[in-house]
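A quick write-up on the structure given underneath.
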Amino acid sequence: MPLDLGNTAMQIDRMAAGLKGRAYEKRQRLERALETARGFDPVSYEDKRNRSGPAAAWRLPTASDSPGAAYPAQPPPDDYRVIATDGSDIGADRNMPARCYVINVGVASLTYGSRPNAELSSRARLYAEADELVIRDPDSHFRQVWIEGNVLAAKRMAEEATALAETAAMLPDDLPTLAIMDGSLIMIGISGHGYEDYVRRDLVDNGLMEALDRLRGLAADRPLAVASYVSMPAGVEVVNALRLAACPYHAAECERHCRETAPGARPCDDVADGVVDRDLFWDILRPGQRSGLFRSSSPLVANHYSGQEVCFFYLHAGEEVARVETPSWVAADPALLDLTHSLAFEQCRLGQGYPVALMEAHEQAVISAGDRRLFVEQVDTALHDQALPVRTSEKSRSKRLRWL
Amino acid sequence: MEETANPKQRPDRLGEVVEASTDHFMVHCYELYGAPPLGALVRCGAEGPVYGVVGEVATTSIDPGRRPIARGRDEDTEEDIYRNNPQLSRLLRTEFRALVVGHALDGETMRFLAPRPPRIHAFVYSCGADESQAFTSSLDFLTILLSAPVPSPDDVAASFVRQASLCHPDPHGFLVEAGRELAVLLGRDTLRLSGILRRLSP
Chain F
87 MPLDLGNTAM QIDRMAAGLK GRAYEKRQRL ERALETARGF DPVSYEDKRN RSGPAAAWRL
147 PTASDSPGAA YPAQPPPDDY RVIATDGSDI GADRNMPARC YVINVGVASL TYGSRPNAEL
207 SSRARLYAEA DELVIRDPDS HFRQVWIEGN VLAAKRMAEE ATALAETAAM LPDDLPTLAI
267 MDGSLIMIGI SGHGYEDYVR RDLVDNGLME ALDRLRGLAA DRPLAVASYV SMPAGVEVVN
327 ALRLAACPYH AAECERHCRE TAPGARPCDD VADGVVDRDL FWDILRPGQR SGLFRSSSPL
387 VANHYSGQEV CFFYLHAGEE VARVETPSWV AADPALLDLT HSLAFEQCRL GQGYPVALME
447 AHEQAVISAG DRRLFVEQVD TALHDQALPV RTSEKSRSKR LRWL
Chain E
634 MEETANPKQR PDRLGEVVEA STDHFMVHCY ELYGAPPLGA LVRCGAEGPV YGVVGEVATT
694 SIDPGRRPIA RGRDEDTEED IYRNNPQLSR LLRTEFRALV VGHALDGETM RFLAPRPPRI
754 HAFVYSCGAD ESQAFTSSLD FLTILLSAPV PSPDDVAASF VRQASLCHPD PHGFLVEAGR
814 ELAVLLGRDT LRLSGILRRL SP
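Sequences listed follow chains F and E, in order.
Under our numbering, the first sequence has 199 at position 113, and the numbering climbs by one with no breaks.
Under our numbering, the second sequence has 829 at position 196, and the numbering climbs by one with no breaks.
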């Protein structure tokens with residue numbers, strides 16, 4: 087019996103009862119957050135944010151607009167195009183007979199209007215050379231990280247952005263176009279202390295940013311907007327802005343004022359504890375509307391995005407509130423911002439809640455369990471054909487055989 | 634749906650063989666809904682071509698795991714659904730099953746199964762009036778259609794005879810001749826024979 091479902095069922099019941107018990111309190115906090123959002127003054131907020139500086143414990147976005155603001159979507163142009171990429175991978179597995187990994191990027195290019203058309207494709211690439219399996223510190227060849235886990239996810243994202251730029255470059259420049267990726271524009275997985283700067287330079291500066299720069303160059307002479315789409319976002323940056331607005335002190339010096347106060351009892355917890363941005367905007371926005379614009383304060387963006395800061399807004403997509411992120415040059419251009427908003431919402435309408443181009447790119451990218459198994463078999467066969475030893479781990483073998 | 638002109642594609646080229654055996658071949662059409670009608674005569678392969686009669690046509694999702702869903706609640710016309718969902722033309726496919734009824738060998742037309750099935754990816758063409766007339770100058774192969782493992786072989790046979798008659802200078806005479814052939818083949822199965830003959834009536 088791999089999972090005792092009788093046991094987990096009781097635990098799930100207790101969890102649900104607990105959530106129900108806390109729902110009333112959460113609703114109360116959300117009401118207070120909504121009230122704070124409606125009375126939010128961006129100028130006072132920016133003043134206090136500057137006063138607080140790094141003393142604030144919360145990551146605070148730049149807010150040029152009130153969180154209480156809502157903007158309707160413009161109708162989409164008569165003729166337009168949406169291009170999207172998504173990726174999946176088969177990670178390097180030490181149980182396999184050869185160390186290698188695969189990145190498969192799916193591309194969807196959908197043209198709407200008087201000449202509707204669709205191009206769907208995928209490109210798979212195997213990485214097996216010694217210098218493809220690791221990222222080395224150019225300043226010290228003794229330091230390297232294997233491309234796996236978060237690093238592989240970040241490399242895959244850079245490949246998705248590169249494919250997006252290549253696709254945009256190959257298309258005619260005649261139509262307003264939205265180039266959209268799945269997930270955040272911020273490589274969150276490698277932003278923490280666990281990774282050294284040379285890893286970020288390789289994946290962000292030389293990977294993602296190279297692609298975003300290329301897209302920016304293309305946008306110089308054609309109506310091209312670039313965005314990423316986060317379904318069911320878990321972000322709390324706007325809620326953090328409300329924390330600051332609700333903070334009773336002149337500046338948010340969290341360590342000084344609230345170090346001794348338990349989480350949940352701090353003054354700012356009244357508007358924030360357990361509330362995420364999407365809860366807030368589900369009540370503020372109506373279907374099709376977007377929130378005001380905010381700018382992420384991620385240190386990764388500040389240090390590695392070479393001036394292309396990441397802005398974001400929330401979109402009521404009909405069935406959920408999604409987060410749409412754009413490079414700052416898109417956010418700063420009202421026509422491109424309107425195009426992003428309009429086409430992101432229209433894509434959700436056509437895709438019954440989720441952008442149809444992203445869904446099709448995902449379908450192109452996805453690697454099924456059967457394909458993964460066949461890939462391993464192909465590796466085995468190729469090694470065998472070259473008369474190379476095909477050694478696999480006993481753990482891997484025991485998983486396949488599963489004897490009694 | 635946008636039509637993409639392809640200079641390499643002759644207008645009579647319908648698609649490619651994606652599954653083949655000695656008694657039938659399955660064709661993936663280049664154009665969605667681009668299958669010839671039930672009972673149409675088609676030819677595949679350049680050398681030693683194999684002839685088939687369309688016995689079954691289907692349009693389905695390319696991915697068996699993704700079923701089409703209703704999309705037209707807010708659309709005025711069916712065409713609007715395709716215009717606003719251009720990906721559909723890439724995610725749906727039209728296929729037809731052709732029943733092998735003959736082949737050509739050393740320039741001669743044989744009205745029975747070919748010794749080998751067509752190759753996968755063999756191009757499939759619709760047969761023009763002259764080719765259809767020549768092939769149906771004898772109806773020896775009708776028995777293949779009547780016993781074909783398709784949902785309604787009688788409908789296939791009747792559709793085939795009706796379409797073939799239009800390629801002959803005397804369509805009525807061709808129908809009478811085909812009726813006689815059918816009577817011989819079906820013998821005492823008058824119920825089945827009358828059903829097919831009713832389908833042949835104008």
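Glycine residues also receive a C-beta, built at the ideal position from the N, C-alpha and C atoms.
The structure presented is a predicted model; accordingly, all values stated were derived computationally and were not measured.
Between which residues of its own chain and residue i is the CB-CB distance below 8 Å, once the five residues before and five after are set aside?
{"i": "residue 743 of chain E", "result": "735, 736 and 737"}
{"i": "residue 436 of chain F", "result": "442"}
{"i": "residue 383 of chain F", "result": "145, 146, 147, 148 and 323"}
Quick one: is residue i buried, meaning 16 or more other Cβ sit within 10 Å of its Cβ, or exposed?
{"i": "residue 129 of chain F", "result": "exposed"}
{"i": "residue 161 of chain F", "result": "exposed"}
{"i": "residue 467 of chain F", "result": "exposed"}
{"i": "residue 279 of chain F", "result": "exposed"}
{"i": "residue 97 of chain F", "result": "exposed"}
{"i": "residue 702 of chain E", "result": "exposed"}
{"i": "residue 449 of chain F", "result": "buried"}
{"i": "residue 190 of chain F", "result": "buried"}
{"i": "residue 441 of chain F", "result": "buried"}
{"i": "residue 176 of chain F", "result": "buried"}
{"i": "residue 705 of chain E", "result": "exposed"}
{"i": "residue 318 of chain F", "result": "exposed"}
{"i": "residue 444 of chain F", "result": "buried"}
{"i": "residue 680 of chain E", "result": "exposed"}
{"i": "residue 233 of chain F", "result": "buried"}
{"i": "residue 658 of chain E", "result": "buried"}
{"i": "residue 460 of chain F", "result": "exposed"}
Reducing DSSP to helix, strand and coil, say where residue i ends up.
{"i": "residue 325 of chain F", "result": "helix"}
{"i": "residue 205 of chain F", "result": "strand"}
{"i": "residue 232 of chain F", "result": "strand"}
{"i": "residue 176 of chain F", "result": "strand"}
{"i": "residue 256 of chain F", "result": "helix"}
{"i": "residue 171 of chain F", "result": "strand"}
{"i": "residue 331 of chain F", "result": "helix"}
{"i": "residue 189 of chain F", "result": "strand"}
{"i": "residue 140 of chain F", "result": "helix"}
{"i": "residue 769 of chain E", "result": "coil"}
{"i": "residue 198 of chain F", "result": "strand"}
{"i": "residue 725 of chain E", "result": "strand"}
{"i": "residue 380 of chain F", "result": "strand"}
{"i": "residue 281 of chain F", "result": "coil"}
{"i": "residue 162 of chain F", "result": "coil"}
{"i": "residue 223 of chain F", "result": "strand"}
{"i": "residue 799 of chain E", "result": "coil"}
{"i": "residue 662 of chain E", "result": "strand"}
{"i": "residue 121 of chain F", "result": "helix"}
Kindly give me the distance between the Cβ atoms of residue i and residue j, rounded to whole angstroms, as I take these residues to be in contact under 8 Å.
{"i": "residue 276 of chain F", "j": "residue 286 of chain F", "result": "6 Å"}
{"i": "residue 201 of chain F", "j": "residue 360 of chain F", "result": "No, residue 201 of chain F and residue 360 of chain F are not in contact; Cβ-Cβ is about 49 Å, not under 8 Å."}
{"i": "residue 812 of chain E", "j": "residue 833 of chain E", "result": "7 Å"}
{"i": "residue 397 of chain F", "j": "residue 380 of chain F", "result": "7 Å"}
{"i": "residue 400 of chain F", "j": "residue 377 of chain F", "result": "4 Å"}
{"i": "residue 792 of chain E", "j": "residue 670 of chain E", "result": "7 Å"}
{"i": "residue 797 of chain E", "j": "residue 732 of chain E", "result": "Wrong, their Cβ atoms sit about 14 Å apart, outside the cutoff."}
Excluding the 5 residues flanking residue i on each side, which residues of the same chain have their C-beta closer than 7 Å to its C-beta?
{"i": "residue 373 of chain F", "result": "402 and 404"}
{"i": "residue 784 of chain E", "result": "689"}
{"i": "residue 415 of chain F", "result": "302 and 394"}
{"i": "residue 350 of chain F", "result": "359"}
{"i": "residue 756 of chain E", "result": "646, 649 and 677"}
If I measure Cβ to Cβ from residue i and keep anything under 6 Å in the same chain, skipping five residues before and after, which residues do I get?
{"i": "residue 366 of chain F", "result": "119"}
{"i": "residue 174 of chain F", "result": "190, 451, 452 and 453"}
{"i": "residue 249 of chain F", "result": "171, 191 and 193"}
{"i": "residue 207 of chain F", "result": "193"}
Is any non-hydrogen atom of the ligand ADP found closer than 6 Å to the C-beta of residue i, if you look at the structure I gave you?
{"i": "residue 442 of chain F", "result": "As far as ligands go, the structure on display features none, and thus does not contain the ligand ADP."}
Task: Cβ-based contacts, 9 Å cut-off: residues of the region 100-116 of chain F near chain E - done: Cβ contacts with chain E: none found.
- [ ] Check distances from the C-beta atoms of the region 720-744 of chain E to those of chain F and list, in chain order, the residues that come in under 7 Å.
- [x] Correct list: 720, 722 and 723.
Open item on the list: By the 8 Å beta-carbon criterion, what residues does the region 166-198 of chain F contribute toward chain E?
Closed with: Those would be 194, 196, 197 and 198, in chain order.
- [ ] Compile a chain-ordered list of the residues in the region 204-226 of chain F whose CB is closer than 9 Å to at least one CB of chain C.
- [x] Any reference to chain C falls outside this structure, whose protein chains are F and E.
Task: Members of the region 431-445 of chain F near chain E, C-beta cut-off 7 Å - done: Going along the region 431-445 of chain F in chain order, one finds 436 and 442 with a Cβ nearer than 7 Å to chain E.
Task: Residues of the region 781-811 of chain E whose Cβ lies closer than 8 Å to any Cβ of chain F, in chain order - done: From the region 781-811 of chain E, no residue has a Cβ closer than 8 Å to chain F.
Task: Contact residues within the region 703-719 of chain E, judged by C-beta distance below 9 Å to chain F - done: Taking 9 Å as the Cβ-Cβ cut-off against chain F, the residues of the region 703-719 of chain E that qualify are 704, 707, 715, 716, 717, 718 and 719.
Task: Contacting positions in the region 153-167 of chain F - beta carbon closer than 8 Å to chain E - done: Result list empty, no residue passes.
- [ ] With 7 Å as the C-beta to C-beta threshold (strictly closer), list the residues of the region 395-422 of chain F near chain E in chain order.
- [x] Here the close residues number zero.
Task: Short-range partners of chain E found in the region 361-382 of chain F, where Cβ spacing is below 8 Å - done: Listed by position, the residues of the region 361-382 of chain F near chain E (Cβ gap below 8 Å) amount to none.
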